[in-house]
Each structure stands twice: as C-alpha cells, then as structure tokens.
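S.K.:
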Amino acid sequence: MHATLPLLETTDFPAIKRGQLETLQVNLGYLCNQSCLHCHVNAGPTRKENMQEETVEDVLRFLRDSNIKKLDLTGGAPELNPYFRHLVTEVNSMGIHIIDRCNLTVLHEQGQEDTADFLAQHKVEVVASLPCYLEENVDGQRGDGVFQTSIAAIKLLNISGYGIEGSGLELNLMYNPVGAHLPPAQCQLEKDYKRELNSHYGIFFNNLYTLTNMPIKRFGSTLISKGEFDSYMNLLKDAYQTANLQTVMCRNLISIDWQGTVYDCDFNQMLDLPLIEKGKKMHLNDITNENLDKRDIIIADHCYGCTAGQGSSCGGALV
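Just so you know, we're using this note's numbering here: the sequence shown kicks off at 2 and counts up by one.
#1: Near Gly306, which residues of its chain fall below 8 Å by C-beta distance, leaving aside the five closest residues on each side in sequence?
#2: To the nearest angstrom, report how far apart Pro178 and Gly167 are at their CA atoms.
#3: With 16 as the cutoff for other CB atoms within 10 Å, does Gln142 come out buried or exposed?
#4: With Arg102 as the anchor, note down where its alpha helix (DSSP H) starts and where it stops.
#5: Mind checking Ala1: buried by the 16 CB within 10 Å criterion, or exposed?
#6: With distances taken Cα to Cα, identify the nearest neighbour of Lys195 among Leu135, Asp258 and Asp231.
#7: Is the distance from the Cβ of Phe206 to the Cβ of Leu174 below 8 Å?
#8: For Thr106, count the other beta carbons within 10 Å of its own beta carbon; 16 or more makes it buried, fewer makes it exposed. Which is it?
#9: Got a sec, what are the start and stop residues for the alpha helix (DSSP H) Gln149 sits in?
#10: In chain order, which beta strand (DSSP E) runs of at least 3 residues are fully inside the segment 10 to 91?
#11: Tell me, please, which residues DSSP counts as bridged to Val107.
#12: Going by C-alpha to C-alpha distance, which of Pro275, Tyr176, Arg296 and Tyr202 sits closest to Gly317?
#13: Since Pro15 contacts Leu170 with CB under 8 Å, what's their CB separation in whole angstroms?
#14: Going by the beta-carbon positions, is the gap between His109 and Ala154 smaller than 8 Å?
#15: If we count the other Cβ atoms within 10 Å of its Cβ and call it buried at 16 or more, is Arg62 buried or exposed?
#16: Is Leu74 closer than 8 Å to Val139 when the C-beta atoms are compared?
#17: Thinking just about the alpha-carbon of each residue, which of Ala4, Gly30 and Arg48 is nearest to the one in Val57?
#18: Looking at the strands, I want to know which residues DSSP matches up with Leu209.
#19: Assuming Leu131 and Leu81 are in contact, meaning their beta carbons sit under 8 Å apart, how far apart are those beta carbons, in whole angstroms?
#20: Specify the secondary structure class of Leu6 as computed by DSSP and reduced to three states.
#21: When the Cα of Leu274 is compared with those of His123, Leu9 and Ala240, which residue comes out closest?
#22: According to the neighbour-count rule (16 or more other Cβ atoms, all chains shown, within 10 Å of its Cβ), is Ala301 buried or exposed?
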C-alpha cells in the first residue's frame, strides 16, 4: 500500500484551534467483515487491532468524570469488539447519547443475530454506511452481494423500529462518492435515496449524510496507483470554503484509537498524527480541560477534504 502522509504533510491549510469538547469518538478496532475500496481505516477481516477491556474501562471512567454528552463508536465494525455491548450498556445508563457506525452487513454475521434489537433497546443512534442506492455501484465498491445484504439489514432495523416515525429510534445513512469526486448536494441526494429505497425495497431511514472520500489509507493508495492523487487534491483545494472552518468536527471532538491514544479526528488517527504532551503521545487518561482547550489542531493537506464544497464531517455536510 502506498503511504500518503509524505504527500500531505506540507500544507497551506489554515491554522485552527480546538473549542469545547462535546463528543468522544472511540475506534474499537480495525477488525471488519468487509474490505471496502474507499475505507480510510484500511479495516478488514484480517486486522488484529481490537480494544481490550482495560481501555474500555478507561473510556467508561473518562465519561463518568466528564461532561461529554455524545459517544461515537466506530471501527472497523465496532459491533465485532467483544466489549461492545458492555460499553453500550454502561454508557446508556449514564444518559449519554450513543452513535453506532454500522456497515449493515455485520448484522448478518454469526453472533450478531440480535444486534438490531440490542441497539434499539439501548436507544442507540445508528449511522449506517450505504454508498449508493444502486446495487452495481455498492457492489463495485464494497464487494459482490453487499448491496442486497445491506438492504436486508436495513429491513431488520426497520422491524426493530429504526427509521419509523414516532419510534424515537434514529437510522441515518452515510453516502460517499464512488470515485474521485465530491459528493452531490446532501439535501437533494437524501430525497433521491428515500424515493428509490422506499419504492424499490420498502425501507425507511431518517437522514442521509454525505462524506467526502479522504485521500488516505486504502482510497489514497488507490489514487496514487491510478495517477489521480494530485488531481484529486487539486479538486479538494479548488472547492475549499472558508465558512466550513467554523464547524469542522475536530473543533469539538476527540478521537481515540483501540489503545486509548488521542487524536484530533479519526483521519489523523489513520495517519498516525496523535496529540503530543511533553514529548509523548497523549492517552485518554491524560486529558484535562486545560490541555485541550484552545489547543492547536494538527493539520495536513487531507484537511481540505473536510472543507471542500458543502463540507464534510461524521455528521454529514457542514453547510
């Protein structure tokens, strides 16, 4: 795999500082039942990195002692971590809002047969990746049969109440482009998704989020192999919007990896750009309001991916 950080380190991206911490994003490990071309984590079935019980307890201790109101669980497939349900159960009892970033097909894996009901029981918001409403595009990006398996998983979530009006169970889908271009307008694409998925498959969801493909890890390496890396970076830079700087997710979020190391965002985690304190990588147990507040965010050229066009974050478009 081609390394992308050497191509991103020299940057003219504007300096930005952290604001008030609101969200803890936890990567429970890089193990996944899929190996998608666009994956910025390079996750897959052979990855061994998985958060262990001691670090899960560090997460719980941090949440008990902080004012954070949102826990964002990601991977890999976070549901494959053996401590996933323990973490969700404990955090739910604290009254903290939980997001599970689900690839959908994991709901059909052995041992996951009741996961949809478990998530519903604990009022977990599900953000599910479905990169297109067309079968050939999804299978081309994620593997043969993934689209139909994903549709079946959404039906399971609908049966559990997700996406159904009045249920209070939120199911949001995540779109990313199939290729080296920016996402279309989020609002119109959401209408297209709802029309196509309901009319063809009878399924429901709440919102659609659009996410720009980041030029790192597997997607970045593919760009290099195709000779498209420079042109894609030019696309991102040409579409830069200053207004997006005010609402980029790294201002109010920290990301921690499976070992508890702290990063400004999930993308910096994948580029191994951790927060440094006194010459050492910062661990979740080292965090205080004082050493995060107004801290400079670590930037590189990939940051243009979050500020191009309508903007991009784990919560979809910024404007």
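Note that the Cβ used here is the ideal one computed from N, Cα and C, for glycine as well. Predicted model only: the values in this text are computed from it and were never measured.
M.R.: According to the structure shown:
#1: The sequence position of residue 306 within the sequence shown is 305, counting from 1. Contacts found: Thr213, Asn214, Met215, Pro216, Leu237, Phe268 and Ser313.
#2: Here residue 178 is taken as the residue at index 177 of the sequence shown, counted from 1. Here residue 167 is taken as the residue at index 166 of the sequence shown, counted from 1. Cα to Cα, Pro178 sits roughly 31 Å from Gly167.
#3: On the sequence shown, residue 142 is found 141 positions in, with the first residue counted as 1. Buried is the call here.
#4: Start at 1 with the first residue of the sequence shown, and residue 102 comes out as number 101. Taken as a continuous stretch (DSSP letters only), Arg102 belongs to no alpha helix (DSSP H), being part of the beta strand (DSSP E) at His98 to Cys103.
#5: Outside the modelled stretch of the chain, which goes from 2 to 320, sits residue 1, for which no answer is possible.
#6: Residue 195 sits at position 194 when you count from the first residue of the sequence shown. When each option's Cα is compared against that of Lys195, the closest is Leu135.
#7: Residue numbering aside, residue 206 sits at position 205 when the sequence shown is read from its first letter. Residue numbering aside, residue 174 sits at position 173 when the sequence shown is read from its first letter. Yes, they are a contact pair.
#8: Counted from its first residue, the sequence shown places residue 106 at position 105. So Thr106 counts as buried.
#9: For the purposes of this step, residue 149 is taken as residue 148 along the sequence shown, with counting starting at 1. Its alpha helix (DSSP H) spans residues Val147 to Ile160.
#10: 24 to 28 and 71 to 75
#11: By 1-based counting over the sequence shown, the position of residue 107 is 106. The partner list for Val107 (beta bridge, DSSP) is empty, contrary to what the question assumes.
#12: Start at 1 with the first residue of the sequence shown, and residue 317 comes out as number 316. Measuring from the Cα of Gly317, the nearest candidate turns out to be Tyr176.
#13: If you number the sequence shown from 1, residue 15 lands on position 14. If you number the sequence shown from 1, residue 170 lands on position 169. The beta carbons of Pro15 and Leu170 sit about 39 Å from each other, so the pair does not count as a contact at 8 Å.
#14: Position 108 of the sequence shown holds residue 109. Position 153 of the sequence shown holds residue 154. Yes, they are a contact pair.
#15: What you label residue 62 is simply residue 61 of the sequence shown in a count that begins at 1. Exposed: under 16 other Cβ atoms inside 10 Å.
#16: Here residue 139 corresponds to residue number 138 of the sequence shown, with the count starting at 1. Here residue 74 corresponds to residue number 73 of the sequence shown, with the count starting at 1. Contact flag unset, no.
#17: Against the sequence shown, residue 57 aligns to sequence position 56. Checked all of Ala4, Gly30 and Arg48; the closest Cα to Val57 is Gly30.
#18: In the sequence shown, the residue the question calls residue 209 occupies position 208. DSSP lists Leu174 as partners of Leu209.
#19: Looking up residue 131 in the sequence shown gives position 130. Looking up residue 81 in the sequence shown gives position 80. That pair is no contact at about 19 Å.
#20: On the sequence shown, residue 6 is found 5 positions in, with the first residue counted as 1. DSSP places Leu6 in helix when its eight states are reduced to three.
#21: Translated into the one-based positions of the sequence shown, residue 274 becomes position 273. Per the Cα distances, Leu9.
#22: The count along the sequence shown starts at 1 and reaches residue 301 at position 300. With 16 or more Cβ atoms within 10 Å of its Cβ, Ala301 is classed as buried.
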